[in-house]
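Enquirer: Under full-length UniProt numbering, the first residue of the sequence shown carries the number 1, and numbering increases by one thereafter.
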Amino acid sequence: ESKKRSRPGKWHKLYRWKLQELEGNMQIAASYPDDVFSQTFLKHADKMLARGKEALQALDDSEYETWTKDTLEHGGFCIQDFTLARLTEIEGEPFLKELHSITYDLPSRDLRILLNKVMVKLSVWDTDFMVALLASYDAVYPLTEKLYEVLWIDLAFPHLF
């Protein structure tokens, strides 16, 4: 029997851990004042730390807890690691070939991971593509304005910094 992976209700802990990690990396970078990477990192780290703290606070003021309770009660899963290699097409519909990275979490987590992954590949944040992707998602699994706010909060957190 495989281990059940579940993340609903754990975002606050994850955000705090990543903020602590960022603060630790800032201390390390500060100890190498002549290093070009450290200098560049420190130019942006304060802004990313502030963004992360704002996102953590916004999470408290959002529908995150309500959505989490609903997900735990009714179920929901995330793929976590989208790659084309994990998809196949059957009768014109996409299906997952591998389920090893499945976890319980809010659907917005998959949306954030997918958007970040695609935008990194594009090397630019393509707003038109984002709107089209979210419109396609919303046509099948509509989200309320409050639930989109949770997605925006998660996108604002500096996961990739």
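Backbone N, C-alpha and C define an ideal beta-carbon position, used for all residues, glycine too.
#1: If you count every other CB in all the chains shown that lies within 10 Å of the CB of Y15, and 16 or more means buried, which is it?
#2: Which residues bound the beta strand (DSSP E) around F77?
#3: Locate the alpha helix (DSSP H) running through E21, then write down its first and last residues.
#4: If I'm right that F99 touches L87 with Cβ under 8 Å, what's the distance once you round it to whole angstroms?
#5: Distance check for Q27 and L143, CA to CA, integer angstroms please.
#6: For the 8 Å Cβ check, are there 3 or more pairs between the region 38 to 55 and the region 125 to 135?
#7: Could you check the C-alpha separation between L56 and H12 for me, to the nearest Å?
#8: In this structure, does DSSP put E93 in helix, strand or coil?
#9: Are E65 and G9 closer than 9 Å when you measure CB to CB?
#10: For the region 38 to 46 against the region 114 to 122, are there 3 or more C-beta pairs whose distance is under 8 Å?
#11: For the alpha helix (DSSP H) holding E51, just list the boundary residues, first then last.
#12: In this structure, does DSSP put L122 in helix, strand or coil?
#13: Would you identify the three-state DSSP class for S2, choosing helix, strand or coil?
#14: Measure the beta-carbon distance from F82 to K117 and round it to whole angstroms, keeping in mind my assumption that it falls under 8 Å.
#15: How long is the line joining the alpha carbons of Y104 and T71, rounded to whole angstroms?
#16: Evaluate D110 with the Cβ neighbour count: other Cβ atoms within 10 Å of its Cβ, from every protein chain shown; 16 or more gives buried, anything less gives exposed.
#17: Would you decide whether L160 is buried or exposed? Buried here means 16 or more other CB atoms lie within 10 Å of its CB.
Expert: Taking the coordinates as given:
#1: Looking up residue 15 in the sequence shown gives position 15. Per the 10 Å Cβ criterion, buried.
#2: Here the question's residue 77 lines up with position 77 in the sequence shown. Segment: none, F77 is in no beta strand (DSSP E) and carries neither H nor E.
#3: Here residue 21 refers to the residue found at position 21 when the sequence shown is read from its first residue. From DSSP, the alpha helix (DSSP H) with E21 extends over 11 to 30.
#4: Position 99 of the sequence shown, counted from the first residue, corresponds to residue 99. Position 87 of the sequence shown, counted from the first residue, corresponds to residue 87. Per the sequence shown, the amino acid found at residue 99 is Leu instead of Phe. So it is not a contact: roughly 12 Å between Cβ atoms.
#5: The residue labelled residue 143 in the question sits at position 143 within the sequence shown. The residue labelled residue 27 in the question sits at position 27 within the sequence shown. Answer to the nearest angstrom: the Cα atoms are 40 Å apart.
#6: no
#7: As a working note, residue 56 is residue 56 in the sequence shown. As a working note, residue 12 is residue 12 in the sequence shown. So the two alpha carbons sit approximately 7 Å from each other.
#8: In the sequence shown, the residue the question calls residue 93 occupies position 93. E93: strand per DSSP, three-state reduction.
#9: Counting from 1 along the sequence shown, the entry for residue 65 is found at position 65. Counting from 1 along the sequence shown, the entry for residue 9 is found at position 9. Yes, these two residues count as a Cβ contact at 9 Å.
#10: no
#11: Position 51 of the sequence shown, counting from 1, holds the residue named residue 51. The residue asked about is misnamed: residue 51 is Arg in this sequence, not Glu. 36 to 60 is the span of the alpha helix (DSSP H), which, as asked, contains R51.
#12: For the purposes of this step, residue 122 is identified with residue 122 of the sequence shown, where counting begins at 1. Looking at L122 - three-state DSSP - the assignment turns out to be helix.
#13: Reading the sequence shown from its first residue, position 2 is the one you call residue 2. Because the pLDDT at S2 is just 47, under 50, the model does not fix this residue reliably, and the value given afterwards should be weighed accordingly. Three-state result, S2: coil.
#14: The count along the sequence shown starts at 1 and reaches residue 82 at position 82. The count along the sequence shown starts at 1 and reaches residue 117 at position 117. Confirmed, Cβ separation roughly 6 Å.
#15: Your numbering for residue 104 matches position 104 in the sequence shown. Your numbering for residue 71 matches position 71 in the sequence shown. Distance between the alpha carbons of Y104 and T71: 8 Å.
#16: Sequence index remark: in the sequence shown, residue 110 carries index 110 (1-based). It is buried - the Cβ of D110 has at least 16 other Cβ atoms within 10 Å.
#17: Position 160 of the sequence shown holds residue 160. Exposed.
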